[in-house]
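Here the sequence shown is numbered in our numbering, starting from 2 and rising by one per residue.
Only one structure is covered here, and it is reproduced in the block below.
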Amino acid sequence: MVQGMFIVSGLAVGSLYALGGIGLVVLYRATGVLNLSAGAIGMASVMAAWQFAQWGLFGPLAWALGLAIGVALALFYGRVIAPQMAWREPVVKAVASLGYAIAILGIVAFLFPDEPRKFSLPTDSMAVMIGGLRVTVTRLIVVAAAVLLVIGITVSLNVTRVGLQMRALANNRSISSLIGIPILRVETMAWGLSGLLFGFTGLMFGDLVRLEPSVITFMVIPSIAAAICGRLQSLPDVLMGGLTIGVIESLLTFSDTFKQVRPIAPFVIAALVLLAMNRGRRLTFAGDD
């Protein structure tokens with residue numbers, strides 16, 4: 002029973018990693034930017050939502066304003082800072098976004114004193130019984146959101162006009178511009194969508210895990226690992242990678258020996274996935290010869 006609860010908790014947290022990874026992959030495929038400020042954007046969203054709630058704003062309005070701040074922060078970077086480095090190397094773009102994350106974290110640390118806080122949603126008190134386990138509706142929402150977003154975004158990329166334009170940008174930006182694809186508009190939509198995903202992930206992380214700016218900011222690390230599991234391309238693989246990382250992290254707490262290595266677990270899993278993929282690819286080529 003106890004182990005089952007850890008698995009359920011791991012699936013919920015893993016879904017958050019997957020949501021962050023989905024935002025990273027969507028943005029990377031459309032703009033070529035690996036946004037290391039994703040965690041900081043989510044952190045700013047949930048801190049703002051918490052503050053609005055403290056001021057007495059109606060709950061859904063406070064949450065919506067928090068998400069709006071996440072979108073605004075992503076759009077600011079995407080439209081003001083990112084264009085200045087459009088032709089720089091991917092590593093330079095990633096490092097620049099890390100600087101943006103540090104700036105956001107510094108501003109939040111200045112505005113909010115270091116003290117215990119709690120961010121909660123009404124769904125925390127609602128639960129259903131699954132296999133004898135009591136699972137809160139908040140956890141179910143997070144898992145369902147991750148699955149539905151993978152399906153919805155995958156279908157959109159393959160069917161809708163904007164999705165096809167994003168795929169074209171990912172393949173070749175220069176040719177996309179020559180054939181008339183509105184690069185600025187498509188990139189703006191990608192930045193806005195990623196900001197919304199990061200904001201939602203931050204709100205859920207602040208509720209399910211811990212409302213602490215530094216902890217939420219560094220949520221980007223397992224999210225990157227989940228994105229790596231999908232090779233920054235496959236959203237279903239990102240989902241599976243995030244869920245796997247979450248469950249393994251949760252189960253490691255059972256062992257006094259291995260619980261100390263939880264911080265490196267995401268990248269160990271990502272490395273093993275990449276090695277397995279590369280090995281399978283080599284075997285296929287050998288068979289073709």
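Glycine included, each C-beta is placed from N, C-alpha and C at the ideal position.
Stretch-stretch touch, CB-based, cutoff 8 Å, three pairs: the stretch 181 to 193 with the stretch 89 to 96: No, the stretch 181 to 193 does not touch the stretch 89 to 96.
Residue environment, Glu116, which counts as buried when at least 16 other CB atoms sit within 10 Å: Here residue 116 corresponds to residue number 115 of the sequence shown, with the count starting at 1. Exposed, by the Cβ-count rule.
Ser46 vs Leu204 beta-carbon contact at 8 Å: Numbered from its first residue, the sequence shown carries residue 46 at position 45. Numbered from its first residue, the sequence shown carries residue 204 at position 203. By the CB criterion at 8 Å, Ser46 and Leu204 fall inside the cutoff.
Residues near Ala128 by beta carbon distance below 7 Å, same chain, minus five either side: In the sequence shown, residue 128 corresponds to position 127, counting from 1. Within the same chain, Ala128 has close Cβ partners Arg135, Val136, Thr137 and Val138.
Whether Val248 touches Leu12 by CB criterion (8 Å): The residue given as residue 248 occupies position 247 in the sequence shown. The residue given as residue 12 occupies position 11 in the sequence shown. Yes.
Where the beta strand (DSSP E) containing Ile70 begins and where it ends: As a position in the sequence shown, residue 70 is number 69, starting the count at 1. No beta strand (DSSP E) holds Ile70; the alpha helix (DSSP H) holding it covers Gly60 to Phe77.
Met44: first and last residue of the uninterrupted beta strand (DSSP E) it sits in: As a first step, residue 44 is located in the sequence shown; it is residue number 43 there, counting from the start. Note, Met44: premise wrong, no beta strand (DSSP E); alpha helix (DSSP H) at Ala39 to Gln55.
Neighbour-count burial assignment, Ile301, 16 or more Cβ in a 10 Å radius: Coverage of the chain is limited to positions 2 through 290, which leaves residue 301 absent and any answer about it impossible.
Whole-angstrom distance between Leu244 and Met130, CA atom to CA atom: The count along the sequence shown starts at 1 and reaches residue 130 at position 129. The count along the sequence shown starts at 1 and reaches residue 244 at position 243. Each residue's alpha carbon lies about 21 Å from the other.
Contacting residues, own chain, Cβ-Cβ under 8 Å from Ala87 (five flanking each side not counted): What you label residue 87 is simply residue 86 of the sequence shown in a count that begins at 1. Around Ala87: no qualifying Cβ.
Distance between beta carbons of Ala39 and Leu25, contact taken as under 8 Å: Position 24 of the sequence shown, counted from the first residue, corresponds to residue 25. Position 38 of the sequence shown, counted from the first residue, corresponds to residue 39. Confirmed, about 6 Å.
Heavy atom of the ligand HEM within 7 Å of Phe206 beta-carbon: The ligand HEM is absent from the structure shown, which contains no ligands of any kind.
Phe268 beta carbon less than 8 Å from that of Ala228: Sequence index remark: in the sequence shown, residue 228 carries index 227 (1-based). Sequence index remark: in the sequence shown, residue 268 carries index 267 (1-based). No.
Rounded C-alpha distance that separates Val221 from Thr124: Within the sequence shown, the letter at position 220 stands for residue 221. Within the sequence shown, the letter at position 123 stands for residue 124. Rounded to whole angstroms, Val221 to Thr124 spans 25 Å at the Cα level.
Strand pairing of Val93, partner residues [DSSP]: To locate residue 93, count along the sequence shown from 1; it is residue 92. In DSSP, Val93 forms no bridge with anything.
According to DSSP, residues forming a beta bridge with Ile131: Working through the sequence shown from its first residue, we reach residue 131 at position 130. Bridge partners of Ile131: Leu134.
C-beta atoms of Asp238 and Phe120 nearer than 8 Å: Residue 238 sits at position 237 when you count from the first residue of the sequence shown. Residue 120 sits at position 119 when you count from the first residue of the sequence shown. No, these two residues do not count as a Cβ contact at 8 Å.
Where the alpha helix (DSSP H) through Gly33 begins and ends: By 1-based counting over the sequence shown, the position of residue 33 is 32. Counting along the chain, Gly33 falls outside any alpha helix (DSSP H), and DSSP gives it neither H nor E.
Buried or exposed (CB count within 10 angstroms, at least 16 for buried), Ile103: Position 102 of the sequence shown holds residue 103. By the 10 Å Cβ count, Ile103 comes out exposed.
Alpha carbon of Ala50 to alpha carbon of Trp64, nearest angstrom: Along the sequence shown, read from residue 1 onward, the residue named residue 50 stands at position 49. Along the sequence shown, read from residue 1 onward, the residue named residue 64 stands at position 63. Approximately 5 Å, taken between the alpha carbons.
Leu58 beta carbon less than 8 Å from that of Pro214: One-based indexing of the sequence shown puts residue 214 at position 213. One-based indexing of the sequence shown puts residue 58 at position 57. No, Cβ-Cβ distance for Pro214 and Leu58 is not below 8 Å.
Gly288 to Phe113 span [Cα, whole Å]: Counted from its first residue, the sequence shown places residue 288 at position 287. Counted from its first residue, the sequence shown places residue 113 at position 112. Here Gly288 scores only 41 on pLDDT, less than 50, and its place in the model should not be relied on; the value that follows carries that caveat. Taking the straight line joining both Cα atoms gives about 60 Å.
Exposed unless 16 or more other CB atoms sit within 10 angstroms - verdict on Met167: Taking the sequence shown and counting its residues from 1, the one referred to as residue 167 is at position 166. With 16 or more other Cβ atoms within 10 Å, it is buried.
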